[in-house]
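Participant: Same order as they appear, the protein sequences are chains A and B.
Numbering-wise (this note's numbering), the first sequence opens with residue 867 and increments by one.
Numbering-wise (this note's numbering), the second sequence opens with residue 867 and increments by one.
Number of protein chains: 2
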Amino acid sequence: MLPADDALFNTFDVESNLNGMKINKPTLVVDLDRVEANIRRMATKMQDNGLIFRPHFKTHQSHFIARIFRKYGVEKCTVSSVSMAAYFAQDGWTDITIAFPANVLEAEEMNDLAARIQLNILVDSVEKVNLLASRISASVTLFIEVDTGYFRSGIFHENVDEMAKIIDAIISFRYFTFAGFLSHTGNTYSQSSAQNIVQLFDESRRKLSDLKRHFSPKYSDIVLSMGDTPAASLAEKFDGIDEMRPGNFVFYDLMQLSLGSCRDTNIGVAVYCPVVAIYPERNELVIYGGAVHLSKEKTTWKQREIYGLVSFPTSDGFGIPMKEAFVSGLSQEHGIVSMPAHELEKIKLGDILAVFPVHSCLTADLNSHLLSLDGDRIEKYRTY
Amino acid sequence: MLPADDALFNTFDVESNLNGMKINKPTLVVDLDRVEANIRRMATKMQDNGLIFRPHFKTHQSHFIARIFRKYGVEKCTVSSVSMAAYFAQDGWTDITIAFPANVLEAEEMNDLAARIQLNILVDSVEKVNLLASRISASVTLFIEVDTGYFRSGIFHENVDEMAKIIDAIISFRYFTFAGFLSHTGNTYSQSSAQNIVQLFDESRRKLSDLKRHFSPKYSDIVLSMGDTPAASLAEKFDGIDEMRPGNFVFYDLMQLSLGSCRDTNIGVAVYCPVVAIYPERNELVIYGGAVHLSKEKTTWKQREIYGLVSFPTSDGFGIPMKEAFVSGLSQEHGIVSMPAHELEKIKLGDILAVFPVHSCLTADLNSHLLSLDGDRIEKYRTY
């Protein structure tokens, strides 16, 4: 028997674990049962807390996945660009928030959308309101984006006088409606424990509630909108808040796993990658699966910087991430996987490994489509 | 006068510096004069040194850019995937090396290609040769990939006995031709000086030359192929080597700039990004341009970790990167730019800034097309 036969046999065996999926290059695979469970769990939690659930769709960027949300009563969504808003409007989403500082150069595209749907956009300065006013000619709803300490975008929560001027500017234009205050507490991602995440969320929640209390005598129906998957997953109290916009929870990932927002069995996507080289002397192998498939986002895992965890796919799905196997390096198309000898010796050239991504939003963005565990191709929007 | 008018005037002024390019969202702009100069310089250097010039096309992934190479006598190319080989074969490239460990699961696609063009692929084990032999049914040329110390892929340069077995396996199959030894000295990227890069390249060159000397008595016409833009840009001696496969030099980027492989005026691409928020109190602004446009690749610049340098576009092109302005943070679509107050005060909402990428290969991969400085859309291949 040629050495090749052994290896091919093993390859065919692996293929039988792929449930009819035809995979010969890096492929973003989605476990739709996990995704639906993630959606159901979050939708129920939001409903139980009396919140408007406006999930962020930048994570999946897919009509198909968005329709699963509809089954759980979701009718509003969040996106991160005007183009992505147009993509979801095409599939019947009629109430969309673009959670990104309004880009005045896309006023024409916003006008097109605002003529068809309820379009909600973000401002954080009088100058931005005036610029938009000179270019917007359809009804839009404006949130004031508030920075509660993440220092990315938004007006700092203490600048109450400036906020009053922004509201005055908003209501002075006929096409503009003032909706409320919106914040993304992205600094939850840099916290070291679930307790710290909840504490930070609670502080931000109080800062927004103070604003609502301050402006409510003058403006009714102020909506407070908050985001972020770590807080939405871990917090139990949402008092004072009207709306939540988590996105990542639909897939979760290693970053969320390390924050404690999810378990490994909640992770809904993995990149299936062929094994193309094995180096027992280095305790490493090379997969076809690099930065252009996974993204260069890394995270610290057991004191190591990693780009992914690795499992053997089974006939049920992704399998369990191996304890001591890491994607330790990425080139454009190469992924270097480090693993102990007793795992490495089970693997043959042509096998398929599942890689759990560090940041599923960026990984999903890189891929033109998803493949279900049943082998169905699921289309998605692609940036640009 | 409303504040808006000032800002709009400034925006129009910026638009006049865009030479008729219509840019309202992040756009990968290419300076074709710089690109052609980069190609001309490298082609001349390779020719002067009597080398086969087989540029790596994974950087630009574009038929249009590839055709510029043809003007300078280039007829062979390198790619990093079977799909990319198919893309360039479509445009008449008839001699293509896939500089990636041959993926046995794509044997069918390789057979299709090999029936039409001269296809060169990489192996580094007897097992791989045998696996390919059982699936390949058209003539292909095989290089043995040699690892001279980068520890990514390839057989370690000292394993000469194993290489002899690989060659024996190759020549025992009717469709296979043994071409020679190929190496990517990617460790040049982690060197701290131009001198160290050249030294490392020279060491790798000697290691490959030793292999040629060892195997030449038995096999004639052994080709030694080396890669990497830092060495191709900085080395002056290529004795013993037959072929070079640099790729990145077509665009260069900040990584190459910091290695000394190029000057800032050689950088051929920049991502043009709208300014969407300005925060004078933080000395920061936010651009529409994030990880999905630039990639999360970072580099150290003046003791800071940065994702890009920034300039004001001019009517001539990208302009000069500002000395003290950095892309200091990236979310999915947000870019945070830090700059001193005296630069920040020149910028208005709706302005366009040019961002020089850290790693142009990954940045180009993320974008569906390029835009020339004359506003012409240039199509490209996209992973998947």
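In this text, a Cβ means the ideal position worked out from N, Cα and C, and glycines have one as well.
A quick note: this is a predicted structure, and the numbers were derived from the prediction, not measured.
Who are the Cβ neighbours of ASN890(B) in its own chain at under 8 Å, not counting the five residues just before and after it?
Facilitator: PRO1140
Participant: Answer with yes or no whether the minimum CB distance from SER947(A) to chain B is below 8 Å.
Facilitator: yes
Participant: Let me check understanding here. Comparing Cα to Cα, which of ILE1218(B), GLU1171(B), ILE1036(B) and LYS942(B) lies closest to PHE1178(B)?
Facilitator: ILE1218(B)
Participant: Helix, strand or coil for LEU979(B), going by three-state DSSP, please let me know.
Facilitator: helix
Participant: Please list, in chain order, all residues of the same chain as GLU1190(B) whose beta carbon is under 8 Å from its beta carbon, the five residues on each side excluded.
Facilitator: MET1205, PRO1206 and GLU1209
Participant: Whole angstroms is fine: what's the gap from LEU985(B)'s alpha carbon to PHE966(B)'s?
Facilitator: 13 Å
Participant: How many angstroms separate the CA atom of TYR1118(A) from the CA atom of GLY916(A)?
Facilitator: 24 Å
Participant: Taking a Cβ distance cut-off of 7 Å, strictly less, list which residues of the region 1002-1026 of chain A are near chain B, in chain order.
Facilitator: PHE1017, ARG1018 and SER1019
Participant: Got a sec: is the Cβ-Cβ distance from HIS926(A) to anything in chain B below 8 Å?
Facilitator: By this cut-off, HIS926(A) is not an interface position.
Participant: Roughly how far, in whole angstroms, is the beta-carbon of ALA924(B) from the beta-carbon of GLN1198(A), given that I think they are within contact range, below 8 Å?
Facilitator: Before going further, note that residue 924(B) is Lys rather than Ala in the sequence given. 6 Å between Cβ atoms; contact.
Participant: Check distances from the C-beta atoms of the region 1181-1208 of chain A to those of chain B and list, in chain order, the residues that come in under 8 Å.
Facilitator: GLY1195, SER1197, GLN1198, GLU1199, HIS1200 and ILE1202
Participant: Just how far apart, CA to CA, sit THR1180(B) and LEU1151(B)?
Facilitator: 20 Å
Participant: Using the three-state DSSP reduction, which class does ASN885(A) fall into: helix, strand or coil?
Facilitator: coil
Participant: What residue does the alpha helix (DSSP H) around ASN986(A) start on, and which one ends it?
Facilitator: Taken as a continuous stretch (DSSP letters only), ASN986(A) belongs to no alpha helix (DSSP H), being part of the beta strand (DSSP E) at 984-989.
Participant: Mind checking who LEU1196(B) pairs with in its DSSP beta bridge?
Facilitator: GLY1201(B)
Participant: I need the boundaries of the beta strand (DSSP E) containing CYS943(A), first residue and last residue.
Facilitator: 943-945
Participant: Look at the Cβ atom of LEU1100(B), then the Cβ atom of THR1014(B), and state whether they are nearer than 8 Å.
Facilitator: The beta carbons of LEU1100(B) and THR1014(B) sit no closer together than 8 Å.
Participant: So which of GLY1195(A), ILE1063(A), ASP961(A) and ALA903(A) has the shortest CA-CA distance to SER1019(B)?
Facilitator: GLY1195(A)
Participant: What does ARG1148(B) touch in chain A if you count any residue whose Cβ is under 7 Å from its own?
Facilitator: PHE1017
Participant: I want to see whether chain B comes within less than 8 Å of GLU902(A), judged by CB atoms only; does it?
Facilitator: no
Participant: Quick one: which chain B residues come within Cβ less than 8 Å of SER1161(A)?
Facilitator: ALA1157, SER1161 and LYS1162
Participant: What does ILE914(A) touch in chain B if you count any residue whose Cβ is under 9 Å from its own?
Facilitator: Checking the sequence, you will find Asp at residue 914(A) rather than Ile. Within chain B, no residue comes near ASP914(A); the closest Cβ sits about 29 Å away, beyond 9 Å.
Participant: List, from N- to C-terminal side, the alpha helix (DSSP H) runs of 4 residues or more that fit wholly inside the region 1099-1182 of chain A.
Facilitator: 1120-1125 and 1157-1160
Participant: Where does ILE931(B) fall in DSSP's three states?
Facilitator: The three-state reading of DSSP puts ILE931(B) in helix, counting H, G and I together.
Participant: With a threshold of 8 Å on Cβ separation, who are the neighbours of SER1082(A) within its own chain once the five nearest residues in sequence on each side are excluded?
Facilitator: ILE1088
Participant: Is any beta-carbon of chain B found at less than 8 Å from that of ASN890(A)?
Facilitator: yes
Participant: Excluding sequence positions up to five away, which residues of its chain have a Cβ less than 6 Å from the Cβ of LEU898(B)?
Facilitator: SER1238
Participant: For the candidate residues ASN885(B), THR963(B) and VAL1137(B), whose alpha-carbon lies nearest to that of THR893(B)?
Facilitator: When the alpha-carbon of THR893(B) is set against those of ASN885(B), THR963(B) and VAL1137(B), the nearest one is in VAL1137(B).
Participant: When the distance is taken between beta carbons, is ASP957(B) closer than 8 Å to HIS929(B)?
Facilitator: Yes, they are a contact pair.
Participant: Quick check: the region 1102-1112 of chain B against the region 1151-1169 of chain B, are there 3 or more CB pairs under 8 Å?
Facilitator: As far as the Cβ criterion goes, the region 1102-1112 of chain B does not touch the region 1151-1169 of chain B, which means the pair count is below three.
Participant: Is THR1229(B) helix, strand or coil when you go by DSSP?
Facilitator: Helix, per DSSP.
Participant: I'd like the list of long-range same chain contacts for ILE821(B), defined as Cβ closer than 6 Å, with 5 residues on each side in sequence excluded.
Facilitator: Outside the shown range of chain B (867 to 1250) lies residue 821(B), about which nothing can therefore be said.
Participant: Pick helix, strand or coil for PRO921(A), following the three-state DSSP scheme.
Facilitator: coil
Participant: Using a C-beta cutoff of 8 Å, does CYS1128(A) count as contacting chain B?
Facilitator: no
Participant: From ILE1144(B) to ALA1030(A), what distance separates their C-alpha atoms?
Facilitator: Going by the C-alpha atoms only, they are around 19 Å apart.
Participant: 8 Å is my cut-off, CB to CB: does LYS1031(A) come that close to chain B?
Facilitator: no
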